[in-house]
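The sequence shown runs 11 to 164 under my numbering.
Remarks on the structure that follows.
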Amino acid sequence: TCENIFHSRSSGIDTTVIIEGGLIKYEPGNFEPFQINHSPRILLVETHVERSTAQLVEFVRCRRERLTEIVDGVMSALEKCVHKWLELFQSEDLQDSYKQQREVVEINQHLLASLGVSHATLDAIVSAASEVGLSAKLTGAGGGGCAMVLLPPR
11 TCENIFHSRS
21 SGIDTTVIIE
31 GGLIKYEPGN
41 FEPFQINHSP
51 RILLVETHVE
61 RSTAQLVEFV
71 RCRRERLTEI
81 VDGVMSALEK
91 CVHKWLELFQ
101 SEDLQDSYKQ
111 QREVVEINQH
121 LLASLGVSHA
131 TLDAIVSAAS
141 EVGLSAKLTG
151 AGGGGCAMVL
161 LPPR
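The structure is reproduced here in structure tokens:
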């Protein structure tokens, strides 16, 4: 696919979301629709920083070869963030859920930055969001591209 050409090797998630629509829960080799009680309000901020997903994936792979236990620990924590966020999407208490989602987004971004996949422009967006009481994180492979800012519920 074009996605494989652009990213070298893709998970197929972009194509699946386009075809299926809605939200998709992805784990390697498995896609499943995911229902939420409340749609999050998210602002995407374009960094205008080009990056190569393939190079970022290779960078993390090499770091993992050198520091396996540490990188695996970070990856495990990232997975826990995702599972917690999915759980919070199904919460009935919108205000409390939002507060916890903000914390999860902050932790997630710090973990991604510790892997070396953030960028100064992404960090500036995260910082600016934090200054006004919002949480933000990189999207995709990082290294540029977009940041996601979690907005409060209405």
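Positions of the beta carbon are idealized from the N, C-alpha and C atoms, including for glycine.
Only a predicted model underlies this, so the values are computations on that prediction, with no experimental measurement involved.
Scanning the stretch 58-102 from its first residue to its last, the whole alpha helix (DSSP H) runs of 4-plus residues come out as 63-76, 78-99. Secondary structure at residue 47: coil, using DSSP grouped into helix, strand and coil. With respect to residue 54, residue 158 sits close: the two C-beta atoms are nearer than 8 Å. When DSSP states are grouped into helix, strand and coil, residue 145 belongs to the strand group. Counting the other CB atoms within 10 Å of its CB gives residue 57 a total of 16 or more, which places it among the buried residues.
Annotation: residue 117 to residue 103 spans about 21 Å, alpha carbon to alpha carbon. Scanning 29, 61, 140, 152 for the CA closest to the CA of residue 162 turns up 140. If you look at residue 125, you'll find it isn't in any alpha helix (DSSP H); DSSP assigns it neither H nor E. Distance from residue 63 to residue 151 at the Cβ level is roughly 4 Å; contact confirmed, criterion being Cβ atoms closer than 8 Å. Contact between the stretch 125-137 and the stretch 61-77 is present, with at least three C-beta pairs closer than 8 Å. Our two residues, residue 82 and residue 115, have alpha carbons roughly 19 Å apart in a direct line.
Distance from the Cα of residue 109 is smallest, within the candidate group 77, 144, 96, 119, for 144.
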